[in-house]
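The numbering of the sequence shown is my numbering, which starts it at 36 and goes up by one. The C-beta atom is built at its ideal place from N, Cα and C for all residues, glycine as well. Input: a single structure, listed below in structure tokens.
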Amino acid sequence: MTTYLIGAIVTFGILLNAFFKDSSTPKTQVLSWLVILIASLLWFATLPFVIRKKLMTRTLPAEIINRLVTSNYY
36 MTTYLIGAIV TFGILLNAFF KDSSTPKTQV LSWLVILIAS LLWFATLPFV IRKKLMTRTL
96 PAEIINRLVT SNYY
């Protein structure tokens with residue numbers, strides 16, 4: 036039970052952070068809060084996708100730029 040709660044709290048924190056950073060989503064919409072709540076309760080399914088998306092959006096562009104900068108064309 037403790038592991039489940041820790042996972043749910045971590046997922047809730049990640050989703051809440053992303054929710055507040057998103058300026059296009061109204062913070063007063065009940066459906067948005069409901070989605071965050073359901074995704075937090077189902078953290079074992081949503082957390083891997085959230086982590087994967089974060090890693091893909093951060094490391095892939097940096098890796099491409101790094102390869103372009105460090106490659107020698109001469």
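Helix, strand or coil at S75 [DSSP, three-state]: As a working note, residue 75 is residue 40 in the sequence shown. Residue state, collapsed to three classes: helix.
According to the neighbour-count rule (16 or more other Cβ atoms, all chains shown, within 10 Å of its Cβ), is W78 buried or exposed? As a working note, residue 78 is residue 43 in the sequence shown. W78 comes out buried.
Could you spell out the range, first to last residue, of the alpha helix (DSSP H) harbouring T46? Your numbering for residue 46 matches position 11 in the sequence shown. Per DSSP, T46 is one residue of the alpha helix (DSSP H) stretching across 37-56.
To the nearest angstrom, how far is it from the Cα of T38 to the Cα of T105? The residue you call residue 38 lines up with position 3 of the sequence shown. The residue you call residue 105 lines up with position 70 of the sequence shown. Whole-angstrom Cα-Cα distance: 43 Å.
When burial is assigned at 16 or more other CB atoms within 10 Å of the CB, is T92 buried or exposed? Numbered from its first residue, the sequence shown carries residue 92 at position 57. Exposed.
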